[in-house]
Amino acid sequence: MTHRISEIAAALGAEAFGAVDLEISGVSEPATAGPRDLALAMDPKYADGLSQGKAQAAILWQGADWQALGLKAALFVPRPRYAMSGVTRLLDPGPQIVGIHPTAVIAPSAKIGAGAAIGPFVVIGDNVEIGVNARIASHCSIEEGSTIGDHALLRAGVRIAARVSIGHNFIANHGAIVGADGFSFVTPEKSGVENARESLGNQGDAQAQSWTRIHSLGGVTIGDNVELGANVTIDRGTIRDTRIGNGTKLDNQVHLGHNVQVGDDCLLCGQVGIAGSTVIGNRVVMGGQCGASDNIFIGDDVVAGGSSKLFTNVPAGRVVLGSPAVKMEIQMDMQKALRRLPRMMQQFRELQKTVSNIVQKD
Amino acid sequence: MTHRISEIAAALGAEAFGAVDLEISGVSEPATAGPRDLALAMDPKYADGLSQGKAQAAILWQGADWQALGLKAALFVPRPRYAMSGVTRLLDPGPQIVGIHPTAVIAPSAKIGAGAAIGPFVVIGDNVEIGVNARIASHCSIEEGSTIGDHALLRAGVRIAARVSIGHNFIANHGAIVGADGFSFVTPEKSGVENARESLGNQGDAQAQSWTRIHSLGGVTIGDNVELGANVTIDRGTIRDTRIGNGTKLDNQVHLGHNVQVGDDCLLCGQVGIAGSTVIGNRVVMGGQCGASDNIFIGDDVVAGGSSKLFTNVPAGRVVLGSPAVKMEIQMDMQKALRRLPRMMQQFRELQKTVSNIVQKD
Amino acid sequence: MTHRISEIAAALGAEAFGAVDLEISGVSEPATAGPRDLALAMDPKYADGLSQGKAQAAILWQGADWQALGLKAALFVPRPRYAMSGVTRLLDPGPQIVGIHPTAVIAPSAKIGAGAAIGPFVVIGDNVEIGVNARIASHCSIEEGSTIGDHALLRAGVRIAARVSIGHNFIANHGAIVGADGFSFVTPEKSGVENARESLGNQGDAQAQSWTRIHSLGGVTIGDNVELGANVTIDRGTIRDTRIGNGTKLDNQVHLGHNVQVGDDCLLCGQVGIAGSTVIGNRVVMGGQCGASDNIFIGDDVVAGGSSKLFTNVPAGRVVLGSPAVKMEIQMDMQKALRRLPRMMQQFRELQKTVSNIVQKD
Numbered sequence: 053m054t055h056r057i058s059e060i061a062a063a064l065g066a067e068a069f070g071a072v073d074l075e076i077s078g079v080s081e082p083a084t085a086g087p088r089d090l091a092l093a094m095d096p097k098y099a100d101g102l103s104q105g106k107a108q109a110a111i112l113w114q115g116a117d118w119q120a121l122g123l124k125a126a127l128f129v130p131r132p133r134y135a136m137s138g139v140t141r142l143l144d145p146g147p148q149i150v151g152i153h154p155t156a157v158i159a160p161s162a163k164i165g166a167g168a169a170i171g172p173f174v175v176i177g178d179n180v181e182i183g184v185n186a187r188i189a190s191h192c193s194i195e196e197g198s199t200i201g202d203h204a205l206l207r208a209g210v211r212i213a214a215r216v217s218i219g220h221n222f223i224a225n226h227g228a229i230v231g232a233d234g235f236s237f238v239t240p241e242k243s244g245v246e247n248a249r250e251s252l253g254n255q256g257d258a259q260a261q262s263w264t265r266i267h268s269l270g271g272v273t274i275g276d277n278v279e280l281g282a283n284v285t286i287d288r289g290t291i292r293d294t295r296i297g298n299g300t301k302l303d304n305q306v307h308l309g310h311n312v313q314v315g316d317d318c319l320l321c322g323q324v325g326i327a328g329s330t331v332i333g334n335r336v337v338m339g340g341q342c343g344a345s346d347n348i349f350i351g352d353d354v355v356a357g358g359s360s361k362l363f364t365n366v367p368a369g370r371v372v373l374g375s376p377a378v379k380m381e382i383q384m385d386m387q388k389a390l391r392r393l394p395r396m397m398q399q400f401r402e403l404q405k406t407v408s409n410i411v412q413k414d
Numbered sequence: 053m054t055h056r057i058s059e060i061a062a063a064l065g066a067e068a069f070g071a072v073d074l075e076i077s078g079v080s081e082p083a084t085a086g087p088r089d090l091a092l093a094m095d096p097k098y099a100d101g102l103s104q105g106k107a108q109a110a111i112l113w114q115g116a117d118w119q120a121l122g123l124k125a126a127l128f129v130p131r132p133r134y135a136m137s138g139v140t141r142l143l144d145p146g147p148q149i150v151g152i153h154p155t156a157v158i159a160p161s162a163k164i165g166a167g168a169a170i171g172p173f174v175v176i177g178d179n180v181e182i183g184v185n186a187r188i189a190s191h192c193s194i195e196e197g198s199t200i201g202d203h204a205l206l207r208a209g210v211r212i213a214a215r216v217s218i219g220h221n222f223i224a225n226h227g228a229i230v231g232a233d234g235f236s237f238v239t240p241e242k243s244g245v246e247n248a249r250e251s252l253g254n255q256g257d258a259q260a261q262s263w264t265r266i267h268s269l270g271g272v273t274i275g276d277n278v279e280l281g282a283n284v285t286i287d288r289g290t291i292r293d294t295r296i297g298n299g300t301k302l303d304n305q306v307h308l309g310h311n312v313q314v315g316d317d318c319l320l321c322g323q324v325g326i327a328g329s330t331v332i333g334n335r336v337v338m339g340g341q342c343g344a345s346d347n348i349f350i351g352d353d354v355v356a357g358g359s360s361k362l363f364t365n366v367p368a369g370r371v372v373l374g375s376p377a378v379k380m381e382i383q384m385d386m387q388k389a390l391r392r393l394p395r396m397m398q399q400f401r402e403l404q405k406t407v408s409n410i411v412q413k414d
Numbered sequence: 053m054t055h056r057i058s059e060i061a062a063a064l065g066a067e068a069f070g071a072v073d074l075e076i077s078g079v080s081e082p083a084t085a086g087p088r089d090l091a092l093a094m095d096p097k098y099a100d101g102l103s104q105g106k107a108q109a110a111i112l113w114q115g116a117d118w119q120a121l122g123l124k125a126a127l128f129v130p131r132p133r134y135a136m137s138g139v140t141r142l143l144d145p146g147p148q149i150v151g152i153h154p155t156a157v158i159a160p161s162a163k164i165g166a167g168a169a170i171g172p173f174v175v176i177g178d179n180v181e182i183g184v185n186a187r188i189a190s191h192c193s194i195e196e197g198s199t200i201g202d203h204a205l206l207r208a209g210v211r212i213a214a215r216v217s218i219g220h221n222f223i224a225n226h227g228a229i230v231g232a233d234g235f236s237f238v239t240p241e242k243s244g245v246e247n248a249r250e251s252l253g254n255q256g257d258a259q260a261q262s263w264t265r266i267h268s269l270g271g272v273t274i275g276d277n278v279e280l281g282a283n284v285t286i287d288r289g290t291i292r293d294t295r296i297g298n299g300t301k302l303d304n305q306v307h308l309g310h311n312v313q314v315g316d317d318c319l320l321c322g323q324v325g326i327a328g329s330t331v332i333g334n335r336v337v338m339g340g341q342c343g344a345s346d347n348i349f350i351g352d353d354v355v356a357g358g359s360s361k362l363f364t365n366v367p368a369g370r371v372v373l374g375s376p377a378v379k380m381e382i383q384m385d386m387q388k389a390l391r392r393l394p395r396m397m398q399q400f401r402e403l404q405k406t407v408s409n410i411v412q413k414d
């Protein structure tokens, strides 16, 4: 698969200069580029790399002199990072999933849209409905009554449990699981944990008891353009559905508990965990390993730095950090103060002595 | 599947009033209930919802006037959360796993109890023994020599490695893994890490070395009524077995290292990680993303708030929070003080000046 | 499978005494040992256990009087923990994977080395190359164009995505995933998150936008002697490959983002997460649940205690702890000071009053 520089320019809305008929077959960092690679050199720091590599064409930083850099063709883009999206989409060969493999076990009542490719050892249950152009890799299972929109891509080993509803352009990486049972258990009498949560620390006189399951009768509803990373786990709801809005992306190993609601266009990075019934607004971004307690509200446009732990509601637009998470600037002040605390404690002891001497003298 | 109000009352030990022959086919939140749904309205805050929805029957809060609420039938339960357990169990259709699928690969030496349902592409190894009424969904594998008790439910893609022993009423959600190899490596000579652990920070003069595996000869032993969430991972023991007691529940993505022992009736919430050889008592509850170091002891009835990190032994009955975890009330005092610390540091500088002035005047 | 004491001594480079022709068939803790078990008693604390158990042979602590302990044979080793490696390797029966199962779907263009054992329902894609003596358990998938060296062991359900390159002696536990798509998204215009990262907290006036994928054109390159725990996830690179050096071991549920580079002989313990493009040196050890931000450098021989969160570069050889991670001794001083802070704040208020009284008196 090769592309002319002119085609790439058109796809990116970029300005192209020089030999725009040049064909490229891949992209590369400048220093390691071969003669048919498009070098990605959107920053002046890559100038040296260009002279080490063999690229004849590059995407360059604004103002670069492409001819002086020894290139035959050059592209200029207004927002380099956004251009990465277009150029990588163009050059991604995508996964090799072709036709419907004879080993796939597809229930007769399932409806599979036109153009589907289904890999070996896939299992599709009763009354499942899948839109057009689905690509379902090996070892996936889609359980009874679930629906998936058009243009879905499920990598190997994805599990969609029963009665899950998913929109268009869904992508799930390997091993992602949608619709596991919620983690919801109850004791016959009030438990020590319930007491401790209410009293912030006191378990009271609760007796030893065993846990009984609250079954998850709800499903999971997922909007359009949602992507799930590898080994993501999403629990079904207890009564209503667990929900994810449109355009939201979950990184590897993210966990969403039962009844959780996530809005539109959120990014939840690697290993984020959201406990049951918590509600997350639109365009929320949570860094890797963040956690949110159950039954809290996280407003629109909240940004949480890596490893932040959200124990209480967060108002819309706030940028938070730390555990427990507070406003980022407050957290940084707290951390700075904590760094100085051991030294300040020594100074405090000294000041106590000084004052004590003054008092005794009086 | 429908149920009479009277049947539900009997199952829950609830008091029923009105048209107890009414049949319901599902449960719902009050506001979205259809005419055949049982509305779950155990709190007065749901009164408005009941008038918005179409439920003819509801489980109500103590003291509610069901006739005034326009209902034809009503149920009253002493502990609403516990009633959720009974009513959801009654209405859960369960997963659709029927018969023994012809694609399943079952070793001739395996013993499968009566009433088993085994899905497509399941692999069951030599000398495996499984009790009665097992339901094993697609793509599961159970390796040689493992045993599972009666009434097991394995969702799709569960992996039970070799020589694992599991009790009755076992539930494992999709992708759970029992019996992976322990993470146990050693260098020929003492390593910098060993030195740093002993000295709390100093790696000494250890040489660069490679790691050699300590193989896991032990298995995993799991009691009765244990449930595992999606993508849980449990390592086998080195010499003795890793162990989980009766009635313990693990949420999604929980990780138990080699040789770990967990007692009875514990709850480990999402993404909890327990390092090797740590021992956890009975009825311990750990919130999401908690961690415990290797080789420590966590007593009976310990409760750890979300994201707590347990580095040292925790005595029985303690409620802990934070990283490092300390008694919850102490942690909250520390956090409150830390919030005030930046301002207090300014005041300290001022106080230093004041005292300095006094001293100079003297 | 039995072994003579003399064979074990030769394998371990150990000194053997007594009935070196005695055959043992397993190892055990001293107190539970049977007559054919080799008891592992490398510490004097096990003396009592030996008298409770039935072992006739043991590995003993230096200086132990094996005859007085009632043993028929004894082994002495210079470094007991290292001896565990040799003795467990000798006695590990390994997984039962035999022959090439007829259900495996292997592309005609794939090259499988001599001596391979491939389990049921394995899928191997076009142009895959696998070295000699591979053992690939059930339900694995290896996608097009990937290569794996000699002596590989893939447990059930491992996923190797397309264009991944792996060295010799590779071990992957159940459910490990290599080569998922990177988590890399971009908005058409600058987003609030980009602003917040640059300003450390201020999102500016960014508009609501949706995320567009940056596709992962790079692969994953893994060296020799690498081991992956259960449900590990490793993302492919954007342009260049994500890389892991030789001899590095990843525990269960570790997550490596796109473009990450990990050096040789590292240990990353359970649930560690490394965000995109971060570079980790050689012999780095990170305790369970550690996290590292994207685009940072972690030097050779760094040791990070459990749950440490690395937000910034860490120089070679440093031992760090906490969140944010700082030198271990500094962290411990900070934690000690924080424990004392609430009390010190009370004393500070008192000191303020005392000084205020002095000032007023003057």
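Heads up: the protein sequence lines correspond to chains V, U and E, in order.
Just so you know, the first sequence maps onto residues 53 to 414 in our numbering.
Just so you know, the second sequence maps onto residues 53 to 414 in our numbering.
Just so you know, the third sequence maps onto residues 53 to 414 in our numbering.
Note that CB positions come from ideal geometry on N, CA and C, so glycine has one too.
Bear in mind the structure is a predicted one, so any value in this text is a computation, not a measurement.
**Message:** Which residues in chain B have a C-beta closer than 9 Å to the C-beta of residue 264 (chain V)? List them in chain order.
**Reply:** In summary, chain B is missing from the structure at hand, where the protein chains are V, U and E.
**Message:** Restricting to runs no shorter than 3 residues, where is the beta strand (DSSP E) found entirely within the segment 229 to 279 of chain E?
**Reply:** 229 to 232, 272 to 274
**Asked** Can the beta-carbon of residue 288 (chain U) be found less than 8 Å from the beta-carbon of residue 313 (chain U)?
**Response** Counting from one through the second sequence, the residue named residue 288 (chain U) turns up at place 236. Counting from one through the second sequence, the residue named residue 313 (chain U) turns up at place 261. Taking 8 Å as the Cβ cut-off, residue 288 (chain U) and residue 313 (chain U) do not qualify as a contacting pair.
**Message:** Considering only the alpha carbon of each residue, which of U:274, U:323, U:307, U:281 lies closest to residue 299 (chain U)?
**Reply:** By one-based count along the second sequence, residue 299 (chain U) stands at place 247. It is U:274 whose Cα lies nearest to the Cα of residue 299 (chain U).
**Request:** Give me the Cα-Cα distance between residue 335 (chain V) and residue 115 (chain U), rounded to the nearest whole angstrom.
**Result:** The residue you call residue 335 (chain V) lines up with position 283 of the first sequence. The residue you call residue 115 (chain U) lines up with position 63 of the second sequence. Answer to the nearest angstrom: the Cα atoms are 43 Å apart.
**Message:** Whole angstroms are fine: how far does the CA of residue 209 (chain U) sit from the CA of residue 187 (chain U)?
**Reply:** Walking along the second sequence from the start, residue 187 (chain U) turns up at place 135. Walking along the second sequence from the start, residue 209 (chain U) turns up at place 157. Straight-line Cα distance between these residues: approximately 13 Å.
**Message:** Which residue marks the beginning of the alpha helix (DSSP H) containing residue 400 (chain V), and which one marks its end?
**Reply:** The residue given as residue 400 (chain V) occupies position 348 in the first sequence. Element bounds for residue 400 (chain V): 380 to 413.
**Request:** Using three-state DSSP, classify residue 149 (chain V) as helix, strand or coil.
**Result:** Here residue 149 (chain V) refers to the residue found at position 97 when the first sequence is read from its first residue. It is coil, neither helix nor strand.
**chain V contacts made by the segment 367 to 395 of chain E, where a contact means CB separation under 8 Å** = 375, 376, 378, 382, 385, 386, 388, 389, 390, 392, 393
**Request:** Could you tell me the boundaries of the beta strand (DSSP E) in which residue 59 (chain E) lies?
**Result:** Numbered from its first residue, the third sequence carries residue 59 (chain E) at position 7. No beta strand (DSSP E) holds residue 59 (chain E); the alpha helix (DSSP H) holding it covers 57 to 64.
**Prompt:** Any Cβ of chain U within less than 8 Å of the Cβ of residue 117 (chain V)?
**Reply:** For the purposes of this step, residue 117 (chain V) is taken as residue 65 along the first sequence, with counting starting at 1. It does not; no Cβ of chain U falls within 8 Å.
**Prompt:** DSSP puts residue 363 (chain E) in a beta bridge; with which residues?
**Reply:** For the purposes of this step, residue 363 (chain E) is identified with residue 311 of the third sequence, where counting begins at 1. Note: residue 363 (chain E) sits in no beta bridge, so no partner.
**Message:** Could you check whether residue 253 (chain U) and residue 415 (chain E) sit closer than 8 Å to each other, using their CB atoms as the reference points?
**Reply:** Outside the shown range of chain E (53 to 414) lies residue 415 (chain E), about which nothing can therefore be said.
**Asked** List, in order along the chain, the chain E residues whose C-beta lies closer than 7 Å to that of residue 219 (chain V)?
**Response** Position 167 of the first sequence, counting from 1, holds the residue named residue 219 (chain V). Result: empty, since nearest Cβ-Cβ is about 14 Å, beyond 7 Å.
**Asked** Roughly how far, in whole angstroms, is the beta-carbon of residue 269 (chain E) from the beta-carbon of residue 285 (chain E), given that I think they are within contact range, below 8 Å?
**Response** For the purposes of this step, residue 269 (chain E) is taken as the residue at position 217 of the third sequence. For the purposes of this step, residue 285 (chain E) is taken as the residue at position 233 of the third sequence. With 8 Å as the limit, residue 269 (chain E) and residue 285 (chain E) do not qualify as a contact, their Cβ atoms being about 19 Å apart.
**Request:** Step through the CB atoms of chain V and report whether any lies within less than 8 Å of the CB of residue 226 (chain E).
**Result:** Reading the third sequence from its first residue, position 174 is the one you call residue 226 (chain E). No, residue 226 (chain E) does not count as interfacial toward chain V.
**Asked** If we call anything under 8 Å between Cβ atoms a contact, is residue 219 (chain E) one with residue 201 (chain E)?
**Response** On the third sequence, residue 219 (chain E) is found 167 positions in, with the first residue counted as 1. On the third sequence, residue 201 (chain E) is found 149 positions in, with the first residue counted as 1. For residue 219 (chain E) and residue 201 (chain E), yes; Cβs fall inside 8 Å.
**residue 207 (chain V) in three-state terms, based on DSSP** = Here the question's residue 207 (chain V) lines up with position 155 in the first sequence. If DSSP states are grouped into helix, strand and coil, residue 207 (chain V) belongs with coil.
**Asked** Start and end of the beta strand (DSSP E) containing residue 287 (chain U)?
**Response** On the second sequence, position 235 is the one that residue 287 (chain U) refers to. Taken as a continuous stretch (DSSP letters only), the beta strand (DSSP E) holding residue 287 (chain U) covers 285 to 287.
**Request:** Return the residues of the segment 269 to 292 of chain E that lie within a Cβ-Cβ distance of less than 8 Å from chain V, sorted by chain order.
**Result:** 269, 283, 285, 287, 290, 291, 292
**Asked** Which residues in the same chain have their Cβ closer than 6 Å to the Cβ of residue 230 (chain E), if we skip the five residues on either side of it in sequence?
**Response** In the third sequence, residue 230 (chain E) corresponds to position 178, counting from 1. Once the five neighbours on either side are set aside, the close Cβ partners of residue 230 (chain E) are 212, 216, 272, 286.
**Residue span of the beta strand (DSSP E) that contains residue 89 (chain U), given as start and end** = Start at 1 with the first residue of the second sequence, and residue 89 (chain U) comes out as number 37. Residue 89 (chain U) -> beta strand (DSSP E) spans 89 to 93.
**Prompt:** At what residue ranges does the segment 79 to 131 of chain E contain a whole run of the alpha helix (DSSP H), taking only runs of 4 or more?
**Reply:** 99 to 104
**Message:** Determine, for residue 464 (chain V), whether the minimum Cβ-Cβ distance to residues of chain E falls below 8 Å.
**Reply:** Residue 464 (chain V) is absent from the model: chain V starts at 53 and stops at 414.
**Message:** Please state the DSSP three-state secondary structure of residue 169 (chain U).
**Reply:** Here residue 169 (chain U) refers to the residue found at position 117 when the second sequence is read from its first residue. Residue 169 (chain U) falls in the strand class under three-state DSSP.
**Asked** What residues of chain V sit near residue 410 (chain U), judged by a beta carbon separation below 8 Å?
**Response** Sequence index remark: in the second sequence, residue 410 (chain U) carries index 358 (1-based). Residues of chain V passing the Cβ test: 410.
**Prompt:** Just the Cα atoms here: how many angstroms apart are residue 100 (chain V) and residue 143 (chain V)?
**Reply:** Taking the first sequence and counting its residues from 1, the one referred to as residue 100 (chain V) is at position 48. Taking the first sequence and counting its residues from 1, the one referred to as residue 143 (chain V) is at position 91. If you take the alpha carbons of residue 100 (chain V) and residue 143 (chain V), they lie about 25 Å apart.
**Request:** Provide the residue(s) that pair with residue 75 (chain V) in DSSP beta bridges, ordered along the chain.
**Result:** Locating residue 75 (chain V) in the first sequence gives position 23, where the first residue counts as 1. Residue 75 (chain V) pairs with V:56.
**Message:** Output needed in chain order: residues of the segment 319 to 343 of chain U with a Cβ under 9 Å from some Cβ in chain V.
**Reply:** 319, 321, 322, 323, 334, 335, 337, 339, 340, 341
**Request:** Decide if residue 366 (chain E) is buried, meaning its Cβ has at least 16 other Cβ atoms within 10 Å, or exposed.
**Result:** Position 314 of the third sequence holds residue 366 (chain E). Burial call: buried.
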